[in-house]
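Residue numbers (mature numbering (1 follows the signal peptide of the UniProt record, and there is no 0)): -18 to -1, 1 to 166. Positions of the beta carbon are idealized from the N, C-alpha and C atoms, including for glycine. Keep in mind that this is a model prediction, so the values were computed, not measured.
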C-alpha cells in the first residue's frame, strides 16, 4: 500500500513539473525589411491613433502603438543579430538614413498623442519600451561607425520638446542635447 502511495506521489510530481514560459522571439529579418515594416506600420496606425485620441481612448491608442512596437522590436533584434556580421559601413549608413525616417514617422504619431496629456501619460510604459529599442538600434549603428547621434541632431524636422516630454532619452548620448549642440 505504501509503495502504491509513493509511486502515485512520484508520478503526480513528475507530471506537474513546470516548464518556464518562453516569450515568442520575433523572426530575424534583414534590417532593410524591418525598417520598411516599421514605416508601414506607423503609417497604418496614424489615423486610428488620431481617432482614438479624439475619443479619449487610452487603451486603444496603446493597442495601436503595440502594433508598431512589434516591428521596432524585430528591428532591434535584427540589429543585435546582424551586429556580429561583417557589413560595410556604407550599408550601416544607409540603414541609419532609413532609421531616421522611421523616427520622423514615429514623431508624427507622438505629435498627435502630445496634444492629449491624459493619453500621453497613459502611454508612458509603451514609450519606455520604444525608447529602449531605439536606444539599442542607435547604439548598434554607432558601434559600426555611423555618427547616428550627429545625424539625428542634423535632422531639422525633429521636435525635441515632444520627444523629451514623452520620456524618450535614446537621443541624448554622446553629449548631445535637445538644442542640437554638444555638451549644452
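Asked                                                                                                                                         : Found
With burial defined as no fewer than 16 other Cβ atoms inside 10 Å of the residue's Cβ, what is the status of residue 120: buried or exposed? : buried
Would you tell me roughly how many angstroms separate the C-alpha atoms of residue 123 and residue 34, rounded to the nearest one?            : 34 angstroms
Quick check on residue 150: does DSSP put it in helix, strand or coil?                                                                        : coil
Would DSSP call residue 112 helix, strand or coil?                                                                                            : helix
Please classify residue 36 as buried or exposed, where buried requires at least 16 neighbouring CB atoms within 10 angstroms.                 : exposed
Nearest by alpha-carbon distance to residue 57: which of 70, 150, 145, 84 is it?                                                              : 84
Please classify residue 105: does DSSP put it in a helix, a strand, or coil?                                                                  : coil
At a cut of 8 angstroms, does the region 22 to 32 reach the region 86 to 100 through at least three beta carbon pairs?                        : yes
In this structure, how does DSSP classify residue 128 when only helix, strand and coil are distinguished?                                     : coil
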